[in-house]
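Protein chains in written order, with the numbering used here: chain A, 989 to 1332; chain B, 989 to 1332. Each residue gets a CB set at the ideal place from its N, CA and C atoms; glycine is no exception. Quantities reported herein were computed from a predicted structural model and do not represent experimental measurements.
Number of protein chains: 2
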Amino acid sequence: MSKRLTLKDIAKEFNVSIATVSKAIQDKHDISKTLKQKILAYAAKHNYVPNQNALKLKGKHTKNIGVVIPSILNLFFAKVFAGIEKIASENGYNLITCISNDSLEKEKIAIDMMLNGAVDGIIISIAKETQIKQDYSHFFKTMNMGIKLTMFDRVTDAVACDKVVVNDFQGAYNATKFFVKSGCKNIALLSFISETSVGKLRIEGYKKALLDNDIDINKNLLLEVKEHDVDETETLLTLTLGSRKVDAILCLEETSAAIALDTIKRLGYEIPNDISIIAFTNGIITKYTTPKITTVSQHGVFMGEQSMKFLLKRIEENVTEEKQYTTKVIKTSLIQRQTTKKLD
Amino acid sequence: MSKRLTLKDIAKEFNVSIATVSKAIQDKHDISKTLKQKILAYAAKHNYVPNQNALKLKGKHTKNIGVVIPSILNLFFAKVFAGIEKIASENGYNLITCISNDSLEKEKIAIDMMLNGAVDGIIISIAKETQIKQDYSHFFKTMNMGIKLTMFDRVTDAVACDKVVVNDFQGAYNATKFFVKSGCKNIALLSFISETSVGKLRIEGYKKALLDNDIDINKNLLLEVKEHDVDETETLLTLTLGSRKVDAILCLEETSAAIALDTIKRLGYEIPNDISIIAFTNGIITKYTTPKITTVSQHGVFMGEQSMKFLLKRIEENVTEEKQYTTKVIKTSLIQRQTTKKLD
DNA sequence: CTGAAAGCGCTTACAG
DNA sequence: CTGAAAGCGCTTACAG
């Protein structure tokens, strides 16, 4: 096991001071060319890499970004992550990643770890539990310590920072309107994420679209499934479809859509003639089901890229005026596939 | 923006030395209880967190693990990542994540960044390009610097380290044998990953199973699709199915299976009666297609957990004897769904 | 029980 | 053009 090469080692090799070597490595100009070249060559040959910890101690940027997401098994978050990673690596930044698993405690621990001088900034999508309990103290702490913060998708008005969101309200509104235009009147909504900020907005959009089209909101068609009841979704759907007329279902995430599709097929309804389906999140499932599911695309990779760009700007330009925080709203788009009727 | 609290600040507050504060914070015993408690209380109240960079400079563990994976949009890798993350966070470790995108260069850059004192160990699944070019110099460098290394799934014999793999050979062997048992004789193989270590092993397993069952290997049924030809898969399959008898297809990854399924359905064959399908990687696609695809499960989360456990052991017990490297082979299991005939 | 000193690896005024 | 010195925030023998 070879020891890591330090400036000291190089200094000894050439019989000069550490300061001189430091300057040579940094390619400064107040140093003799011959010496500099010799040192640079030696450093390259022996794989010299400056110790990041020493640099960071000296107050340099860490070139690390903290990423905290609720899950990585959810393709939407994986896509955003891929977008973040792309921009980060293009700019020489490393990602320190934590999965909150939708737990407030894990989120707090993750942020605490990152606050120890480990990162220049943090990108986060808030855990479900955090949104329910509305405990945002760890975010305030982050801001107070001068660590830049960017939120995406699951955000909160309580914290002033750059944000990247999707127009959830409008996306749900448009999807619902699409159902209406294609002749549906009994439009159900199925959600596993009613407690999150995005879930709430989507439900609002759905309701508004119904009202704007003179359709009464039927509470029995508002199927909000809590986390621990997800296994009961099929039962719930079967009961609902058995007892009331439903000709369309707006699903707020991929998995609920997949379950809805299965159930509807099992019950013998025709898709989209009897029942239409639109799902949020243009993930991988919807593309491979039969029929393929019409989705509201959230452009995850793009959201990730945008979030990272916001953060980079904060870090590198050192913009601190709080007034200038911006919220980027990304437009969703409806990807029409086979679970909705064609509009002319 | 409040400055981060340091030992110095606390020392000033109590009019004691920095050394004393340091000992109090570390809860050492050679210090008066009253002082210690006062300092601890003050530190807690003011959110003191030791500067990680200073600790690391002093030669402490970084409590960081580097993770380098080819992609995060592939559910298998996402699963492994989730497993790694679980064990890491349980043990107070942070993850520094890089996506190699199957590029040798990106992999080298990632490793170089991690080698600057940023991590205690690295978990990696080798990029496709790296396996093709067989350039493993960055791994040797890692080992030489005393950074522990664990490889999973895509590994190489050229580097001696702990490894976690799936019995790819046996998994493919068993899947092929399953086809034979269910009456298939013209078994094709469809692969996007022939160039990776795991792809090669799976192909070997497939061939061996054919030979053991007295079936000749038909090169025309060995469909190895290169990365840049993935778009042509459907055409290739259509041609193959049109010109030769095929009654089973072993797909080496999820996406090729999804494409195969689509194509077969489009051509009007019955599944599994005309053609059976088995896919490697028990991901999310195979669960939601119609019919649901029979898969060889690789137990991704478990692989991740196992990899992280290996690495932790190396780091924390400081095991260095090279002889003791172990390769854990995880058994695949066949998850029978609807694209294979039932065996009695 | 407390603290002065050296040191981890580096950078940066400053002096020469 | 070169180097001695101070300092980033911390720990750890060692002395008292």
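Residue state for GLU1222 (chain A) is assigned as helix, using DSSP reduced to three classes.
For ILE1112 (chain A), the closest of A:GLU1242, A:CYS1149 and A:PRO1038 by C-alpha to C-alpha distance is A:CYS1149. Contact annotation: ILE1323 (chain A) and THR1282 (chain A) have beta-carbon atoms nearer than 8 Å.
Check the Cα spacing between LEU1083 (chain B) and each of B:SER1091, B:ILE1072 and B:LEU1092: the tightest is with B:ILE1072. Per the DSSP secondary-structure output, SER1179 (chain B) pairs in a beta bridge with B:GLU1212.
With its beta carbon at least 8 Å from every one in chain A, SER1264 (chain B) lies outside the interface. Residue-level contact by beta carbon fails for ALA1267 (chain B) and chain A, as no gap is shorter than 8 Å. The CB of ILE1203 (chain B) never comes closer than 8 Å to any CB in chain A; the least such distance is about 30 Å. Residue pairing by DSSP puts ASN1082 (chain B) in a beta bridge opposite B:ASN1052.
Using a CB distance cut-off of 8 Å, LEU1103 (chain B) counts as an interface residue toward chain A. Against ASP1090 (chain A), chain B offers no close residue; the least beta-carbon distance is about 13 Å (beta-carbon pairs closer than 7 Å). Closest option to ILE1191 (chain A), judged by alpha-carbon separation, among A:GLN1326, A:VAL1143, A:GLN1158 and A:ASP1100: A:GLN1158. In the structure shown, THR1328 (chain A) falls within a coil segment according to DSSP collapsed to helix, strand and coil. Three or more Cβ pairs drawn from the stretch 1258-1273 of chain B and the stretch 1233-1248 of chain B lie within less than 8 Å of each other, which places the two stretches in contact.
Chain A has a Cβ within less than 8 Å of the Cβ of LYS1044 (chain B). Contacts with chain B at 8 Å (Cβ-Cβ) do not include VAL1147 (chain A). By the neighbour-count definition (other C-beta atoms within 10 Å, threshold 16), PHE1268 (chain B) is a buried residue. Looking at A:LEU1045, A:VAL1037 and A:PHE1002, the one whose alpha-carbon comes closest to that of GLN1025 (chain A) is A:PHE1002. With 16 or more neighbouring CB atoms inside 10 Å of its own CB, ARG1325 (chain A) falls in the buried class. For LYS1151 (chain A), DSSP records a beta bridge to A:MET1139 and A:THR1315. The C-beta distance from THR1327 (chain B) to ILE1265 (chain B) rounds to 4 Å, short enough to meet the 8 Å contact threshold. A residue is called buried once 16 or more other Cβ atoms fall within 10 Å of its Cβ, and GLU1078 (chain A), having fewer, is exposed. With a cutoff of 8 Å on beta-carbon distance, VAL1147 (chain B) and PHE1127 (chain B) are scored as near each other. In terms of Cβ geometry, ALA1076 (chain A) and MET1296 (chain A) form a close pair [threshold 8 Å].
Residues of chain A with a Cβ closer than 7 Å to the Cβ of TYR1276 (chain B) are, in chain order, ALA1246, ILE1273, TYR1276 and THR1277. Annotation for ILE1120 (chain B): the continuous alpha helix (DSSP H) segment containing it runs 1116-1121.
Counted as a single uninterrupted DSSP element, the alpha helix (DSSP H) harbouring GLY1193 (chain B) occupies residues 1185-1200.
Secondary structure in the stretch 1008-1072 of chain B: the beta strand (DSSP E) runs of 3 residues or longer, each lying completely within the stretch, are 1052-1057 in chain order. Here ARG1302 (chain B) is buried, its C-beta having at least 16 other C-beta atoms within 10 Å.
Nearest Cα to TYR1276 (chain A) within the set B:GLU1293, B:GLN1294, B:LEU1255 and B:THR1251: B:THR1251. Listed by position along chain A, the residues whose Cβ is nearer than 7 Å to that of PHE1069 (chain B) are ILE1060. Where GLY1271 (chain B) is concerned, there is no enclosing beta strand (DSSP E), because DSSP gives it neither an H nor an E.
The C-beta distance from THR1320 (chain A) to LYS1151 (chain A) rounds to 16 Å, too long to fall under 8 Å, and the pair is not in contact.
Residue state for GLY1288 (chain B) is assigned as helix, using DSSP reduced to three classes. CA-to-CA, the gap between GLY1109 (chain A) and LYS1096 (chain A) works out to about 15 Å. Within the model, the alpha-carbon separation for LYS1136 (chain A) versus PHE1166 (chain B) is close to 55 Å.
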